[in-house]
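Below is one structure; the comments refer to it alone.
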Amino acid sequence: AQSVTQLDSQVPVFEEAPVELRCNYSSSVSVYLFWYVQYPNQGLQLLLKYLSGSTLVKGINGFEAEFNKSQTSFHLRKPSVHISDTAEYFCAVSVTSYDKVIFGPGTSLSVIP
Amino acid sequence: NAGVTQTPKFQVLKTGQSMTLQCAQDMNHEYMSWYRQDPGMGLRLIHYSVGAGITDQGEVPNGYNVSRSTTEDFPLRLLSAAPSQTSVYFCAASEKGAGNTEAFFGQGTRLTVV
Chain A
1 AQSVTQLDSQ
11 VPVFEEAPVE
21 LRCNYSSSVS
31 VYLFWYVQYP
41 NQGLQLLLKY
51 LSGSTLVKGI
61 NGFEAEFNKS
71 QTSFHLRKPS
81 VHISDTAEYF
91 CAVSVTSYDK
101 VIFGPGTSLS
111 VIP
Chain B
114 NAGVTQTPKF
124 QVLKTGQSMT
134 LQCAQDMNHE
144 YMSWYRQDPG
154 MGLRLIHYSV
164 GAGITDQGEV
174 PNGYNVSRST
184 TEDFPLRLLS
194 AAPSQTSVYF
204 CAASEKGAGN
214 TEAFFGQGTR
224 LTVV
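Line by line, the protein sequences are chains A and B. The first sequence: position 57 = 57 (the working numbering), numbered continuously. For the working numbering, count along the second sequence from 1 and bump the result up by 113.
As structure tokens, then:
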């Protein structure tokens with residue numbers, strides 16, 4: 001069965017600094033990977049997804065993620081964060097198009113003015 | 114655009130009471146699912162449906178029932194609420210399978226069982 005690990009439960013970072021949120025997954029077969037963001041008191045929305053092709057995936061709000069098959073990782077990065085990026089970020093994995101999506105525990109990003 | 118609508122937004126129940134959390138979507142998406150969100154545990158799948166008349170269990174189905182009589186609606190029923198079911202519940206809808214398409218989430222229902 002697939003699983004997702006997000007090692008950092010909380011990441012504080014100063015405004016305009018770069019940030020990397022880490023995600024590792026376990027699966028014996030090829031996977032689809034997602035990053036979702038949850039702003040306070042809201043539902044989740046998709047930031048970006050990797051299905052196939054280029055390992056560098058660009059998403060909304062200036063975020064990008066790189067799929068590394070050998071390290072089973074899908075880390076999320078942004079070169080310069082804003083106060084508005086303060087939110088909870090979830091990494092997720094699935095195996096097939098009709099498979100269940102499994103979410104990681106989440107990383108709380110706090111941007112400090 | 115409404116997307117996925119959940120009602121109610123907040124609910125307090127006494128142990129042993131029953132209730133139904135409503136979820137409706139106006140996107141004509143086949144796949145719908147229910148998650149619960151607990152601190153430090155992310156989202157855990159309760160039940161899901163790949164189309165009207167078809168439902169299946171997720172990771173944490175015990176204590177919850179679902180049905181899918183129409184494409185639009187996917188209610189979640191708690192038959193006898195327990196304090197362990199205190200959580201934030203999210204409904205999601207996606208076109209065809211959820212595995213490779215974007216899931217659209219509702220705003221959530223915050224449930225407290227006392």
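Every residue gets a Cβ at the ideal spot worked out from N, C-alpha and C, and that includes glycine.
Would you say residue i and residue j are within 8 angstroms of each other, going by their C-beta atoms?
{"i": "residue 48 of chain A", "j": "residue 57 of chain A", "result": "yes"}
{"i": "residue 11 of chain A", "j": "residue 78 of chain A", "result": "no"}
{"i": "residue 2 of chain A", "j": "residue 25 of chain A", "result": "yes"}
{"i": "residue 23 of chain A", "j": "residue 67 of chain A", "result": "no"}
{"i": "residue 215 of chain B", "j": "residue 143 of chain B", "result": "no"}
{"i": "residue 126 of chain B", "j": "residue 189 of chain B", "result": "no"}
{"i": "residue 21 of chain A", "j": "residue 86 of chain A", "result": "no"}
{"i": "residue 83 of chain A", "j": "residue 13 of chain A", "result": "no"}
Which whole-angstrom value is the C-beta distance of residue i and residue j, which I expect to be below 8 angstroms?
{"i": "residue 134 of chain B", "j": "residue 146 of chain B", "result": "Going by Cβ atoms, the distance from residue 134 of chain B to residue 146 of chain B rounds to 13 angstroms, so no, they are not a contact pair."}
{"i": "residue 165 of chain B", "j": "residue 184 of chain B", "result": "5 angstroms"}
{"i": "residue 89 of chain A", "j": "residue 37 of chain A", "result": "6 angstroms"}
{"i": "residue 217 of chain B", "j": "residue 116 of chain B", "result": "5 angstroms"}
To the nearest angstrom, how far is it from the Cα of residue i to the Cα of residue j?
{"i": "residue 203 of chain B", "j": "residue 191 of chain B", "result": "14 angstroms"}
{"i": "residue 136 of chain B", "j": "residue 187 of chain B", "result": "5 angstroms"}
{"i": "residue 221 of chain B", "j": "residue 176 of chain B", "result": "19 angstroms"}
{"i": "residue 81 of chain A", "j": "residue 93 of chain A", "result": "25 angstroms"}
From the beta carbon of residue i, is the nearest beta carbon of chain E less than 8 angstroms away?
{"i": "residue 9 of chain A", "result": "Among the protein chains in the structure shown, which are A and B, there is no chain E."}
**OP:** Write down every uninterrupted run of the beta strand (DSSP E) in the stretch 74–99 of chain A whose length is 3 residues or greater and which is fully enclosed by it, in chain order.
**Re:** 87–94
Subject >> Selection of the stretch 174–197 of chain B by Cβ proximity to chain A, strictly under 7 angstroms >> reply: none
Original post:
What are the uninterrupted segments assigned as beta strand (DSSP E) that are 3 or more residues long and contained completely in the stretch 9–69 of chain A, given in chain order?
Top reply: 10–14, 19–21, 24–26, 32–38, 44–50, 56–58, 64–68
Original post:
For the stretch 144–171 of chain B, which residues have a beta carbon sitting closer than 7 angstroms to at least one beta carbon of chain A?
Top reply: 153, 154, 155, 156, 158, 161, 163, 171
Subject >> Contained beta strand (DSSP E) runs [length at least 3] in the stretch 131–156 of chain B, N- to C-terminal order >> reply: 132–138, 144–151
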